[in-house]
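For reference, the structure is listed below as structure tokens.
Residue numbers (my numbering): 259 to 301.
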């Protein structure tokens with residue numbers, strides 16, 4: 259799951275990736291490198 263939210267104080271976009279994998283993975287998607295943090299079955 260890729261989430262993009264707005265930082266309340268600055269208004270800047272903040273992004274984070276969460277996956278069902280047990281570890282952190284860095285993937286290239288659409289020419290962009292994204293880091294997904296493993297959350298296991300919590301997702």
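No residue lacks a Cβ here, since even glycine has one placed at the ideal position from N, Cα and C.
Note that the structure is a prediction, hence the values are computed from the model and not measured.
Bridge-paired residues (DSSP) for residue i
i: residue 285; result: 292
i: residue 274; result: 261
Proximity of residue i and residue j at Cβ, strictly below 8 Å
i: residue 285; j: residue 296; result: no
i: residue 274; j: residue 287; result: no
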